[in-house]
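One structure below.
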Amino acid sequence: MPSLSRSPVYYFINSMEAVNEHKKQAAKPKEEVVIAIKGLEKSFGAKKVLTDINLEVHRGENVVILGKSGQGKSVTIQCIVGLLVPDGGSLRVFGDEVAEMNDNQLKELRKKIGFLFQSGALFDSMTVRENLEFPLTRVLKMHDQHEIDERINEVLEGVGLLDAIDKLPSDLSGGMRKRIGLARTLIIKPEIMLYDEPTTGLDPITSREISELIISMQKKYKTTSVIITHDMECARITADRVVIMNDGTYIAEGSFLGLHKSTNTIVKEFFKDIS
Amino acid sequence: MAGIGDQCIFFTRFFKNIFVGGFEWSEFVRQCYEIGYRSLMLVGITSFIMGAVLILQLRPSLVAFGEESMLPTTLTVSLIREIGPVITALICAGKIASSIGAELGSMKVTEQIDAMEVAGANPVQYLVVTRIIAVTIMVPLLTILGDVIGLTGGFLALNFTDSISAVLYFHKCVASIDFSDFLPAFVKTIFFGFAIGFVGCYKGFNSNRGTESVGIAANSAVVTASLWIFVIDAISVQITSLLFYK
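Those sequence lines, one after another, are chains A and B. Residues 1 to 275 in my numbering are what the first sequence spells out, letter by letter. Residues 1001 to 1246 in my numbering are what the second sequence spells out, letter by letter.
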């Protein structure tokens, strides 16, 4: 009998099990709050992007933020990781106010947060191996080559791309770049994962694979996730809770199925193509 | 004025990051290879042609005064003092400043710089410090090499029309320059190198988010770096005159 260990069927079965397990986990009582946002505001010049954002994310939870383009979804998660400084309100991660952190505190915080960028943001001049080594040597200060290789092989096996280890990002497809980007983010074993439109620009099959990979990786590394998307299939697969954003504020919140039945006009717009 | 302020802040960030934390040696060596070794051919060919053309252009004038024996001396002084450093710096501005501007600009557009920051690394230390120092070291070395190749080009061009031995030619070349010719020219190439690296990094690092901004960053890096080369050259000529040719 042929081995299923590395076949697409293996990954499909594995990821479906992960989805089911994840849904069971979601039914458990809520754990501690790891991200607490109250009245968050952010403007760029005269344009107010975030007006009054309030959100709590619990440990082990998958929160999906849905919204049209230009509504400030990405700005929210860039504030969480300290890439942008909010103009007002409070944003606490693990109980600490992000805006008040100095460079060293931000560096420490970023060791616990993984950020998957929309484009994957792989370093063009480095091979996949060097891309994965980068956070290990600089963030975790690992220098034992054997230990580094073990960690790289583990995450690459996790995303099913062990063969791509010596390739350059330019030799990879869009889906492969996203997977390697995910592997690079997970390699430091973060407690929180922030995904900025993880399925944008991918075909439906690859999008589904990435969504299922998010779930299986969350199960494996026990992360808390905030997922920014406007891909409803991705939201359906990954979300414990969905938050809908419009005009810089959250207008609805609930489970995917609960929001599906919502009578709110804007919410209904999002779910109109979902049977 | 805002631009000058931004450049001052960028310079401070660069300067502070030279001494903070560990120096990125492997990236620095890679940049020296990319910037220095990969520019060798271009600088070599240009300098060779420049030396040969200068001899061919100078010859009729000096022959008219019966001073063709002064050809090696004239070529050496003009090449070492002015033409070698400026031409090499302009070539480097075109090749290196544009490539640094485009590379960092595209890294900004594709969120690689943000990814570096989120990954806990210091993008200024990794990308900016290594590149600026590499260019500052490589441009003077390329200039010295370009000068030697230019003199060789001059020797070959001179032998098309006249006959002069290599020993005599290079003896005349070396005898015609002294410390006051070489040192100011060498020092100004260090400033040329710094200006090329700094402008390339500043333009790339501060480019906007659109793909169009990558082209703008590369283009404006070349233009600004070239302008700085002439400004530095004009200032250095004044300082050199005051110090050496009173």
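Cβ coordinates follow ideal geometry from the N, Cα and C atoms, glycine included. Just so it is clear, the structure is predicted and the values come from calculations on it, not from any experiment.
Please confirm if residue i has its CB atom under 7 Å from at least one CB of chain B.
{"i": "serine 119/A", "result": "yes"}
{"i": "lysine 107/A", "result": "yes"}
{"i": "valine 9/A", "result": "In this predicted model, valine 9/A has a pLDDT of only 49, less than 50, meaning its place in the structure is not dependable; the value taken from the coordinates is given anyway. It does not; no Cβ of chain B falls within 7 Å."}
{"i": "valine 75/A", "result": "no"}
{"i": "proline 190/A", "result": "no"}
{"i": "valine 139/A", "result": "yes"}
{"i": "phenylalanine 123/A", "result": "yes"}
{"i": "leucine 4/A", "result": "Interpretation of leucine 4/A is limited by its pLDDT of 43, a score under 50 that renders its predicted location unreliable; no figure is taken from the coordinates."}
{"i": "alanine 18/A", "result": "The predicted model places alanine 18/A with a pLDDT of 49, which falls under 50 and marks its position as unreliable; any figure quoted below should be read in that light. No, its Cβ sits nowhere closer than 7 Å to a Cβ of chain B."}
{"i": "proline 135/A", "result": "yes"}
{"i": "methionine 1/A", "result": "With a pLDDT of only 40 at methionine 1/A, under 50, the local geometry of the prediction cannot be trusted, and the value read off the model is given with reservation. False, the Cβ-Cβ gap to chain B never drops below 7 Å."}
{"i": "threonine 263/A", "result": "no"}
In this structure, how does DSSP classify residue i when only helix, strand and coil are distinguished?
{"i": "valine 49/A", "result": "strand"}
{"i": "aspartate 1233/B", "result": "helix"}
{"i": "threonine 76/A", "result": "helix"}
{"i": "threonine 229/A", "result": "strand"}
{"i": "asparagine 246/A", "result": "strand"}
{"i": "glycine 1193/B", "result": "helix"}
{"i": "valine 292/A", "result": "Only positions 1 to 275 of chain A appear in this structure, which leaves residue 292/A out of reach."}
{"i": "threonine 224/A", "result": "strand"}
{"i": "lysine 38/A", "result": "strand"}
{"i": "valine 64/A", "result": "strand"}
{"i": "serine 1165/B", "result": "coil"}
{"i": "isoleucine 1254/B", "result": "Since the first residue of chain B shown is 1001 and the last is 1246, residue 1254/B is not available in this structure."}
{"i": "arginine 1081/B", "result": "helix"}
{"i": "serine 90/A", "result": "strand"}
{"i": "glutamate 56/A", "result": "strand"}
{"i": "valine 1214/B", "result": "helix"}
{"i": "alanine 1160/B", "result": "For the sequence presented, residue 1160/B should be read as phenylalanine rather than alanine. Helix, per DSSP."}
{"i": "valine 1199/B", "result": "helix"}
{"i": "aspartate 96/A", "result": "strand"}
{"i": "phenylalanine 44/A", "result": "strand"}
{"i": "alanine 1225/B", "result": "helix"}
{"i": "arginine 1059/B", "result": "helix"}
{"i": "valine 33/A", "result": "strand"}
{"i": "alanine 252/A", "result": "strand"}
{"i": "arginine 1209/B", "result": "coil"}
{"i": "valine 1118/B", "result": "helix"}
Interface residues of chain D around residue i at Cβ under 9 Å?
{"i": "phenylalanine 271/A", "result": "Absent here is chain D; the protein component of the structure consists of chains A and B."}
Can residue i be considered in contact with the ligand PLP, in the sense that its beta carbon sits closer than 6 Å to one or more heavy atoms?
{"i": "valine 1223/B", "result": "Within the structure as shown, the ligand PLP is missing, as the structure has no ligands at all."}
Please go through the segment 133–221 of chain A and give each complete alpha helix (DSSP H) segment of 4 or more residues, from N-terminal end onward.
145–158, 174–186, 204–221
Inter-stretch contact at 8 Å, needing at least 3 Cβ pairs: the segment 1123–1134 of chain B / the segment 1225–1241 of chain B:
no
Do the segment 110–117 of chain A and the segment 181–192 of chain A meet, that is, are 3 or more Cβ pairs less than 8 Å apart?
yes
If the cut-off is 7 Å on Cβ atoms, which residues from the segment 82–115 of chain A count as contacting chain B, listed in chain order?
Leu83, Lys107, Arg110, Lys111, Phe115
Return the chain-ordered ranges of every alpha helix (DSSP H) run that is complete within the segment 99–133 of chain A and spans a minimum of 4 residues.
103–110
Positions along the segment 1109–1125 of chain B whose CB lies within less than 8 Å of some CB in chain A
Listed in sequence order: Thr1110, Glu1111, Gln1112, Asp1114, Ala1115, Met1116, Glu1117, Val1118, Ala1119, Gly1120, Ala1121.
Is the segment 39–51 of chain A touching the segment 247–254 of chain A in the sense that three or more CB pairs, one from each, lie closer than 8 Å?
yes
If the cut-off is 9 Å on Cβ atoms, which residues from the segment 168–183 of chain A count as contacting chain B, listed in chain order?
Gly181
So does the segment 1167–1187 of chain B actually touch the segment 1059–1068 of chain B, counting three or more Cβ pairs closer than 8 Å?
no
Does the segment 95–102 of chain A come close enough to the segment 150–162 of chain A that 3 or more CB-CB pairs lie under 8 Å?
no
Contact between the segment 1083–1097 of chain B and the segment 1136–1144 of chain B: three or more CB pairs below 8 Å?
At 8 Å Cβ cutoff, the stretches touch.
So does the segment 1179–1186 of chain B actually touch the segment 1152–1165 of chain B, counting three or more Cβ pairs closer than 8 Å?
no
Stretch-stretch touch, CB-based, cutoff 8 Å, three pairs: the segment 172–182 of chain A with the segment 115–122 of chain A
yes
With contact counted as at least three CB pairs below 8 Å, one residue from each stretch, are the segment 252–262 of chain A and the segment 1094–1103 of chain B in contact?
Segments in contact, no.
Okay, do the segment 58–66 of chain A and the segment 217–226 of chain A touch, 3+ Cβ pairs below 8 Å being the bar?
yes
The segment 154–168 of chain A / the segment 1146–1158 of chain B touching (three or more Cβ pairs under 8 Å):
no
Taking 8 Å as the cut-off, does the segment 129–148 of chain A touch the segment 198–218 of chain A (at least 3 CB pairs, one atom from each stretch)?
No: fewer than three Cβ pairs fall under 8 Å.
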